[in-house]
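For the sequence shown, my numbering assigns the number 2 to the initial residue and increments by one for each residue that follows.
Glycine included, C-beta positions come from ideal geometry on N, C-alpha and C.
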Amino acid sequence: MIASKQTHHEGSCLCGRVRFRVEGPVGNMSSCHCTDCRKHSGAAFVTYVEAPKRAFAYVKGDDLIQTHQAESGTTRAFCRTCGSTLACYVDSDDLIEIAAATLDTPIDLRPEYHIYVRSKVSWFDIQDGKPQHRTTSTAGS
Ligand SMILES: [Zn+2]
Ligand SMILES: [Zn+2]
Numbered sequence: 002m003i004a005s006k007q008t009h010h011e012g013s014c015l016c017g018r019v020r021f022r023v024e025g026p027v028g029n030m031s032s033c034h035c036t037d038c039r040k041h042s043g044a045a046f047v048t049y050v051e052a053p054k055r056a057f058a059y060v061k062g063d064d065l066i067q068t069h070q071a072e073s074g075t076t077r078a079f080c081r082t083c084g085s086t087l088a089c090y091v092d093s094d095d096l097i098e099i100a101a102a103t104l105d106t107p108i109d110l111r112p113e114y115h116i117y118v119r120s121k122v123s124w125f126d127i128q129d130g131k132p133q134h135r136t137t138s139t140a141g142s
């Protein structure tokens with residue numbers, strides 16, 4: 002996995018009431034085109050960076066965090082006040098996927114690949130030349 006060089010990152014929601022901090026590098030930057038990510042964000046896809054769950058903490062506003070668990074088992078965390086998509090995770094994994102566009106600190110990474118391209122919207126063409134996986138990056142397609 003390609004990881005950022007920065008020692009920590011900070012991010013926030015649209016209204017600014019929620020701030021989070023990631024200790025240590027983030028990595029594995031990738032864009033997810035799955036239906037759930039599209040619906041949750043209202044965007045064609047969501048780009049995430051990965052970090053260990055223990056490295057991720059809310060600096061403020063953790064009482065405003067609302068979560069939604071999809072049928073797939075993925076839980077998405079968002080700000081109850083403004084609706085910003087912040088992160089998603091599964092309970093059985095010790096990694097958290099952080100919505101990269103909510104980071105306020107600069108990031109020296111570029112998305113490495115696309116996942117769940119089988120669910121991609123028809124009106125967006127992937128043109129970055131990065132690998133496109135029909136489902137997960139480990140499913141072999
Ligand atoms: Zn907010
Ligand atoms: Zn997704």
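Compare the C-alpha of E58 against each of A88, I3, P112 and name the closest. Looking at the sequence provided, one finds Ala at residue 58 rather than Glu. Closest by alpha carbon: A88.
By DSSP, does A1 sit in helix, in strand, or in coil? Nothing can be reported for residue 1, as the shown portion of the chain is limited to 2 through 142.
DSSP-derived helix/strand/coil call for S31: strand
Rounded to whole angstroms, what is the Cα-Cα separation between S142 and V91? Note that S142 scores 48 on pLDDT, short of 50, meaning its location in the model is unreliable and no value can be drawn from it.
Would you report the Cα separation of Q7 and G25, rounded to the nearest angstrom? 7 Å
Return the chain-ordered list of same chain residues with a C-beta closer than 8 Å to the C-beta of V118, the five sequence neighbours on each side being excluded. H34, I127, Q133, H134, R135
Roughly how many angstroms lie between the CA atoms of C83 and I3, to the nearest whole one? 31 Å
For D105 and H10, the rounded distance between their alpha carbons: 8 Å
So what's S142 in DSSP terms, helix, strand or just coil? Confidence in S142 is poor, its pLDDT being 48 and thus under 50, which makes the residue's placement unreliable; the coordinate value appears in the next sentence. S142 falls in the coil class under three-state DSSP.
Hey, would you say the C-beta of V47 is under 7 Å away from at least one heavy atom of ligand 2? yes
For ligand 2, is there any heavy atom lying closer than 7 Å to the beta carbon of Y90? no
Does DSSP put T106 in a helix, a strand or coil? T106: coil per DSSP, three-state reduction.
Does the region 45–53 come within contact of the region 71–81, defined as at least 3 CB pairs closer than 8 Å? Contact between the region 45–53 and the region 71–81 is absent: fewer than 3 CB-CB pairs across the two stretches fall below 8 Å.
For E24, three-class secondary structure by DSSP: Three-state result, E24: strand.
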